[in-house]
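Residue numbers (my numbering): 134 to 452. Ideal placement from N, C-alpha and C gives every residue a C-beta, glycine not left out. See below for the structure under consideration.
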Ligand SMILES: NC(=O)c1ccc[n+]([C@@H]2O[C@H](COP(=O)([O-])OP(=O)(O)OC[C@H]3O[C@@H](n4cnc5c(N)ncnc54)[C@H](OP(=O)(O)O)[C@@H]3O)[C@@H](O)[C@H]2O)c1
């Protein structure tokens, strides 16, 4: 199948921005819906990218977005939801209902290629509502029928300029020389955003990707505590990481989830109760994952941040 036009749901976000750049570089036309056009302003300079304001939770709007499209990538996700069993309503709407409706809309519009991004650790019996709802979303995609060539990609935590993860700790360490954290012993295998974007873009081309579920991780495993200490070193704000015992960490998260734009919830903490690492190859087909140490200093070290500010002012690039 010749690929000309791709719909990227969630394309204005962290991973979506890297993917949109990659697809545009390949000369593909890319349609990106957003709830608010101002959130996707950074994509407007890309010549083949069309940003449209749309409500993807409306069936008619979703079908219109799929009109004339050869393939779709779904990157939409939320980190917080009011609680519920087996998962809360916002997780149900975004992680489960949306994939289910997307599969039905693809069927109706004759779109045959779908790449869906889930998360490493997603499982029906996972400790967090986030991961349980992600597993239900995967099941909805797999139930998509024989006409749909789907691929599911399950990344570990993702790093890169603009990430929600290392940047969060860099921001906290700037003001808190003593940093109490929960889940300090959780094991993670961070993967570079460009490696994830390359995998997603390749999935659209590879016929052998159809019907596959692939994990995506980096070359090394770290504990969360080690990662936070590393962020302190690189950003020149070395702090003392204080691992909190489980119940105290839950109490801290319960307080933090009441803050506007909460950086942490009890459900996030539960996601850390299971290691977020892969059993075998970190990326499919033996691709070499990029080491964290090769990239993180480029956007976390104070010298590089200053240089990138002036660089981006001149060249419109992040670094
Ligand atoms: N980042 C990580 O470390 C990580 C790790 C594992 C898995 N993943 C998965 O990778 C995918 C992409 O993650 P990301 O970090 O790029 O996410 P992100 O930066 O938060 O972007 C998600 C996008 O989804 C859209 N969105 C969010 N909530 C929505 C809602 N309620 N209704 C409609 N649209 C909504 C937003 O678009 P608008 O605001 O423009 O509407 C946003 O640009 C997700 O499936 C995530 O679960 C990420």
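- For the pair residue 413 and residue 180, the Cα-to-Cα distance works out to about 39 Å.
- In the same chain as residue 264, and ignoring 5 residues on each side of it, the C-beta atoms closer than 7 Å to its own belong to 252, 254, 255, 256 and 404, in chain order.
- Those residues that have a beta carbon less than 6 Å away from any non-hydrogen atom of ligand 1 are, in order along the chain, 143, 145, 146, 147, 148, 149, 167, 168, 172, 173, 189, 208, 209, 210, 211, 227, 250, 252, 288, 290, 291, 297 and 298.
- The Cβ atoms of residue 330 and residue 151 lie closer than 8 Å to each other.
- Cβ neighbours of residue 226 within its own chain (closer than 8 Å, five residues either side excluded): 190.
- The region 411 to 430 makes contact with the region 316 to 336: 3 or more CB pairs, one atom from each, lie closer than 8 Å.
- Inter-residue distance for residue 219 and residue 266 is about 8 Å (C-alpha atoms, whole angstroms).
- In this chain, the beta strand (DSSP E) harbouring residue 207 covers 204 to 207.
- Residues of the same chain with a CB within less than 8 Å of the CB of residue 186, apart from the 5 flanking positions on each side, are 166, 167, 168, 169 and 170 in chain order.
- A Cβ-Cβ distance of about 4 Å is found for the pair residue 343 and residue 282, placing them in contact under the 8 Å criterion.
- Residue environment analysis places residue 308 among the exposed positions, since fewer than 16 neighbouring C-beta atoms fall within 10 angstroms of its C-beta.
- Inter-residue distance for residue 238 and residue 245 is about 11 Å (C-alpha atoms, whole angstroms).
- DSSP, reduced to helix, strand and coil, places residue 390 outside both helices and strands of the structure shown, so it counts as coil.
- The distance from the Cβ of residue 204 to that of residue 142 is about 12 Å, inconsistent with a contact at the 8 Å cut-off.
- DSSP places residue 357 inside the alpha helix (DSSP H), whose first and last residues are 357 to 368.
- Three or more beta-carbon pairs separated by less than 8 Å link the region 418 to 430 to the region 290 to 299, which places the two stretches in contact.
- Taking a C-beta distance under 8 Å as the contact criterion, residue 184 and residue 326 do not qualify as a contact pair.
- Pairing residue 229 with residue 273 gives a Cβ-Cβ distance under 8 Å.
- Using a 10 angstroms sphere on the CB of residue 360, the tally of other CB atoms reaches 16 or more, which defines it as buried.
- Annotation note: the region 287 to 359 contains the following uninterrupted beta strand (DSSP E) runs of length 3 or greater, listed N- to C-terminal: 311 to 314 and 345 to 349.
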